[in-house]
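Just so you know, UniProt numbering puts 246 at position 246 of the sequence shown, and the rest follows in order with no gaps. Beta carbons: idealized from backbone N, C-alpha and C, even for Gly.
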Amino acid sequence: MDLKGKKVFVTGAEGFIGSHLTEKLVEMGANVTALVQYNSFNNWGWIDTFDKKILDNINVITGDIREYDNMKRAIKGQDVVFHLAALIAIPYSYLSPMAYVRTNVEGTTNVLEACRDYDVEKIVHTSTSETYGTALYVPIDEKHPLQGQSPYSASKIGADKIAESYYRSFNLPVATIRPFNTYGPRQSARAVIPTIISQILSGKTQIKLGSLTPTRDFNYVKDTAEAFIKIAESENTVGEVINAGSNYEISIGETVKKIITILGKEIDIVSDDERVRPEKSEVNRLWADNSKIKKLTSWEPQYTLDEGLRETVEWIRNNMHYFKTDIYNV
1 MDLKGKKVFV TGAEGFIGSH LTEKLVEMGA NVTALVQYNS FNNWGWIDTF DKKILDNINV
61 ITGDIREYDN MKRAIKGQDV VFHLAALIAI PYSYLSPMAY VRTNVEGTTN VLEACRDYDV
121 EKIVHTSTSE TYGTALYVPI DEKHPLQGQS PYSASKIGAD KIAESYYRSF NLPVATIRPF
181 NTYGPRQSAR AVIPTIISQI LSGKTQIKLG SLTPTRDFNY VKDTAEAFIK IAESENTVGE
241 VINAGSNYEI SIGETVKKII TILGKEIDIV SDDERVRPEK SEVNRLWADN SKIKKLTSWE
301 PQYTLDEGLR ETVEWIRNNM HYFKTDIYNV
């Protein structure tokens with residue numbers, strides 16, 4: 001499928017990955033409608049920061065995926081739907097589990113049902129590597145068991161299974177992308193990499209983190225956005241769950257060392273109990289097997305971790321006003 005000229009709808013377009021994907025789609029020549037969550041301030045999130053040439057080519061609408069009628073109106077006439085809208089912060093899911101069920105499970109059902117009503121040509125539903133929980137074997141392929149180690153991951157497992165059921169029950173042309181640990185410009189300090197960088201750039205010589213031993217498979221956001229597009233374009237991805245990862249594992253502690261080297265600082269690291277997940281909830285190891293996405297599409301990562309970290313450091317350096325480094329961002 002060629003996305004140029006297609007009517008493309010993006011939920012969660014104002015967010016971290018969604019904003020990068022939306023920009024890329026506009027640059028490709030897609031006719032993009034961006035859904036941002038309704039708020040009385042008419043705040044469009046990261047879309048508000050877009051270059052005017054990009055912004056002038058986006059139809060921005062406000063709404064809420066938790067409302068079916070809203071989704072039905074918004075999706076009517078669309079050819080392709082990228083569904084990224086979700087509650088994603090793991091710590092907050094401990095405080096408000098039901099909010100995650102309503103948004104991630106019920107909201108996804110509303111999006112899929114609207115797509116079914118209007119015979120959308122392709123839907124790309126967003127999962128997460130957190131659905132795998134701590135690796136039972138590595139690298140993690142798509143056959144790895146799913147483990148609900150947090151209310152967030154459990155809600156995403158539910159959403160993924162709803163998407164699977166719509167493919168199997170109604171032949172809905174949905175593909176599920178399962179990104180591993182995306183990072184880069186526009187990511188909030190709820191995530192570990194911007195937390196590290198922003199604390200150091202604020203002048204702190206002692207930074208607060210959770211556990212340093214878990215490993216992650218980090219992926220630069222531009223690579224992740226490209227994976228969404230390749231999965232949408234491929235005719236081989238319908239009905240499939242597909243990892244988008246680098247096939248490279250690194251601990252949080254080693255990641256901190258890389259960032260410290262890039263910034264040329266001497267930093268002490270303090271373990272902050274508030275940032276440590278409950279013992280049975282911590283995902284200790286993530287490492288993606290990305291052979292399936294390479295087989296089904298032409299995608300593979302273009303950025304090394306060092307390259308992506310350097311770009312992220314420069315973006316955060318120029319945008320420190322977005323970060324409140326004295327507050328733990330749940």
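{"Check": "Which listed residue (Thr-176, Lys-292, Asp-306, Val-221) has its alpha carbon closest to that of Gly-239", "Outcome": "Thr-176"}
{"Check": "Same chain only: Cβ atoms within 6 Å of Thr-237, ignoring 5 sequence neighbours per side", "Outcome": "Ala-175, Ile-231, Leu-296"}
{"Check": "Exposure of His-83, with buried meaning 16 or more beta-carbon neighbours within 10 Å", "Outcome": "buried"}
{"Check": "Which of helix, strand or coil DSSP assigns to Thr-131", "Outcome": "helix"}
{"Check": "Assigned secondary structure, Thr-224 (DSSP; H/G/I helix, E/B strand, else coil)", "Outcome": "helix"}
{"Check": "Beta-carbon gap between Asn-104 and Gly-63 smaller than 8 Å", "Outcome": "no"}
{"Check": "Inter-residue Cα distance where the pair is Gln-149 and Lys-53", "Outcome": "43 Å"}
{"Check": "The beta strand (DSSP E) enclosing Leu-21, as first and last residue numbers", "Outcome": "No beta strand (DSSP E) holds Leu-21; the alpha helix (DSSP H) holding it covers 16 to 28."}
{"Check": "Close beta carbons around Asn-290, own chain, < 6 Å, minus the five adjacent residues each side", "Outcome": "Asn-243, Gly-245, Asn-247"}
{"Check": "Endpoints, the alpha helix (DSSP H) within which Pro-194 is located", "Outcome": "192 to 201"}
{"Check": "Start-end ranges of the beta strand (DSSP E) lying completely within the segment 90 to 154, minimum 3 residues", "Outcome": "122 to 126"}
{"Check": "Spatially closest choice to Glu-300 from Thr-224, Glu-314, Lys-258, Arg-310, by CA coordinates", "Outcome": "Thr-224"}
{"Check": "Sequence-distant residues of its chain with Cβ nearer than 6 Å to Pro-214 (five each side left out)", "Outcome": "Ile-252, Asn-284"}
{"Check": "Beta-carbon proximity check, Ala-189 vs Ser-198, cutoff 8 Å", "Outcome": "yes"}
{"Check": "Beta-carbon proximity list for Asn-57, same chain, < 8 Å, skipping 5 on both sides", "Outcome": "Val-26, Val-32"}
{"Check": "Which listed residue (Ala-99, Ile-207, Pro-91, Thr-108) has its alpha carbon closest to that of Pro-278", "Outcome": "Pro-91"}
{"Check": "Distance, Gly-5 Cα to Phe-41 Cα", "Outcome": "31 Å"}
{"Check": "Beta-carbon separation (whole angstroms), Thr-131 vs Asp-160, contact threshold 8 Å", "Outcome": "6 Å"}
{"Check": "Limits of the unbroken beta strand (DSSP E) element including Ala-244", "Outcome": "241 to 244"}
{"Check": "Local conformation of Lys-156 per DSSP, three classes", "Outcome": "helix"}
{"Check": "Sheet register partners of Leu-209 (DSSP bridge)", "Outcome": "Ser-271"}
{"Check": "Closest Cα partner of Val-80 within the set Asn-110, Phe-9, Ser-129, Ile-293", "Outcome": "Phe-9"}
{"Check": "Distance between beta carbons of Thr-304 and Ile-193, contact taken as under 8 Å", "Outcome": "Not really, about 14 Å apart at Cβ, beyond 8 Å."}
{"Check": "Length of the line joining the Cα atoms of Gly-12 and Gly-133", "Outcome": "24 Å"}
{"Check": "Environment of Lys-292 [buried if 16+ CB atoms lie within 10 Å]", "Outcome": "buried"}
{"Check": "Helix, strand or coil at Ser-234 [DSSP, three-state]", "Outcome": "coil"}
{"Check": "C-beta contact flag for Gln-187 and Phe-16 at 8 Å", "Outcome": "yes"}
{"Check": "Tyr-100 versus Tyr-68: straight-line alpha-carbon distance, rounded", "Outcome": "17 Å"}
{"Check": "Residues bridged to Lys-7 (per DSSP)", "Outcome": "Asn-31"}
{"Check": "Of the listed residues Ala-30, Ile-207, Gly-18, nearest to Asp-2 (C-alpha basis)", "Outcome": "Ala-30"}
{"Check": "Alpha-carbon spacing of Ala-154 relative to Leu-95, whole angstroms", "Outcome": "14 Å"}
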